[in-house]
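J.:
Number of protein chains: 2
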Amino acid sequence: MGNKEPLLSELENFFQALSDKTRLEIVLLLLEGEKNVQELSASLGKSQSLISHHLACLRNCGAVKVRKVGKFVYYSIADDHVKDILSRAIDHVSEYSKSILSCEIVSQEKGQGVKAEQTETR
Amino acid sequence: MGNKEPLLSELENFFQALSDKTRLEIVLLLLEGEKNVQELSASLGKSQSLISHHLACLRNCGAVKVRKVGKFVYYSIADDHVKDILSRAIDHVSEYSKSILSCEIVSQEKGQGVKAEQTETR
DNA sequence: AGCTCATATGAACATTTGTTCATATATTTT
DNA sequence: AAAATATATGAACAAATGTTCATATGAGCT
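Protein sequence lines correspond, in order, to chains F and B.
Residue 37 in my numbering sits at position 37 of the first sequence; the count goes up by one each step and never skips.
Residue 200 in my numbering sits at position 78 of the second sequence; the count goes up by one each step and never skips.
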């Protein structure tokens with residue numbers, strides 16, 4: 001019953017890689033197929049440097065893989081695990097935001113959303 | 123092309139909720155079953171305030187759900203989507219760290235690790 | 001050889017995030 | 001009623017993170 005530390009750190013790194021809008025835009029593009037840095041940079045309208053930094057982050061946790069062709073570097077989603085995680089996460093947030101919307105008719109507040117409280121103010 | 127902004131923000135929030143060691147410890151405990159705040163606080167040896175803050179984060183993205191019983195609040199994993207995502211992520215990082223280890227046998231302790239590979243730690 | 005193109009990386013800065021402490025709210029008990 | 005218990009939340013500060021700018025590496029071309 002070992003030390004869970006390494007597992008925790010690796011999970012942390014993995015999820016953290018996916019917890020940024022730019023990196024999510026990258027992986028969503030990569031779900032459509034392999035792309036090199038320029039293509040990503042152009043599609044997202046963001047600098048090459050920024051894209052490269054984010055790709056380094058996605059590489060480090062094994063979310064994407066690399067194929068070099070001459071001076072081009074093509075990136076793609078690492079494996080089916082990652083694809084599954086992404087598609088399930090998309091399903092989850094889609095369902096969850098629907099459930100939020102149906103509640104927000106009542107609470108016009110933004111930000112915290114619904115926070116599952118049936119604690120009526122008496 | 124539809125506006126992907128809301129989807130991106132929700133994915134970002136969701137993954138970000140899972141990208142912290144303490145919150146991961148919480149959800150891993152919750153995978154074993156429903157627990158209230160004190161139980162989580164005691165199991166992890168961390169303050170009630172800290173656990174509550176992190177639970178708020180996990181609630182806001184729909185990763186956990188809540189059941190109030192008197193003055194106790196029981197938390198559990200929100201649904202099978204989230205359970206699946208967690209178990210696949212665990213599989214992914216397990217495989218990935220194995221593949222890293224098998225490469226590090228070659229690069230002995232000292233040098234820069236593997237060449238232009240995806241081994242990069244910051 | 002030089003030059004250009006594609007990508008990677010380091011440093012600096014501004015923003016964000018996690019943790020702690022103090023306090024608020026809600027429920028039960030005395 | 002007050003006190004005790006369980007949880008939530010706000011403010012403040014340290015640490016981590018994303019972005020930009022400048023520069024480095026490396027491959028193809030003339």
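For each residue, glycine too, the CB sits at the ideal point set by N, CA and C.
Keep in mind the model is a prediction, meaning the values are calculated, not measured.
Against chain B, with Cβ distances strictly below 9 angstroms, would N13 of chain F count as a contact?
T.: At a cut-off of 9 angstroms between beta carbons, N13 of chain F contacts chain B.
J.: Reducing DSSP to helix, strand and coil, say where K21 of chain F ends up.
T.: The answer is helix: DSSP assigns K21 of chain F an H, G or I state.
J.: Any beta carbon from chain F within less than 9 angstroms of I148 of chain B's own beta carbon?
T.: Judged by the 9 angstroms Cβ criterion, I148 of chain B is not in contact with chain F.
J.: For I212 of chain B and chain F, any beta-carbon pair shorter than 9 angstroms?
T.: Interface residue, yes.
J.: What are the start and end residues of the beta strand (DSSP E) that includes S198 of chain B?
T.: 194 to 199
J.: Just the chain F side, please: which residues come within less than 7 angstroms of V204 of chain B by C-beta, in chain order?
T.: H92
J.: Determine contact between the stretch 124 to 138 of chain B and the stretch 17 to 26 of chain F, defined as no fewer than three beta-carbon pairs at a distance below 8 angstroms.
T.: yes
J.: Can you list, in chain order, the stretches of the alpha helix (DSSP H) that have 4 or more residues and sit fully within the stretch 145 to 172 of chain B?
T.: 159 to 166
J.: List the residues of chain F whose Cβ lies closer than 8 angstroms to the Cβ of K143 of chain B, in chain order.
T.: L8, S9, E12
J.: Assuming V159 of chain B and I173 of chain B are in contact, meaning their beta carbons sit under 8 angstroms apart, how far apart are those beta carbons, in whole angstroms?
T.: Rounded, the Cβ-Cβ distance is 6 angstroms, consistent with contact.
J.: For the candidate residues F:L29, F:K83, F:K4, whose alpha-carbon lies nearest to that of Y74 of chain F?
T.: Taking only the C-alpha atoms, the option nearest Y74 of chain F is F:L29.
J.: Between S198 of chain B and K157 of chain B, is the Cβ-Cβ spacing less than 9 angstroms?
T.: yes
J.: Is I90 of chain F closer than 9 angstroms to L129 of chain B when the C-beta atoms are compared?
T.: yes
J.: Quick check on K190 of chain B: does DSSP put it in helix, strand or coil?
T.: strand
J.: In chain order, what residues of the same chain have a beta carbon less than 7 angstroms from the beta carbon of S43 of chain F, not counting five sequence neighbours either side?
T.: L29
J.: Against I207 of chain B, what residues of chain F qualify as contacts under a CB-to-CB distance less than 8 angstroms, listed in chain order?
T.: I85, R88, A89, H92
J.: Please list, in chain order, all residues of the same chain as Q170 of chain B whose beta carbon is under 8 angstroms from its beta carbon, the five residues on each side excluded.
T.: In the same chain as Q170 of chain B, and ignoring 5 residues on each side of it, the C-beta atoms closer than 8 angstroms to its own belong to V159, Q160, S163, in chain order.
J.: Looking at the structure shown, is N60 of chain F part of a helix, part of a strand, or coil, going by DSSP?
T.: helix
J.: If we count the other Cβ atoms within 10 Å of its Cβ and call it buried at 16 or more, is E242 of chain B buried or exposed?
T.: With a pLDDT of only 37 at E242 of chain B, under the threshold of 50, the placement of this residue in the model should not be trusted; the figure read from the coordinates follows. Exposed: under 16 other Cβ atoms inside 10 Å.
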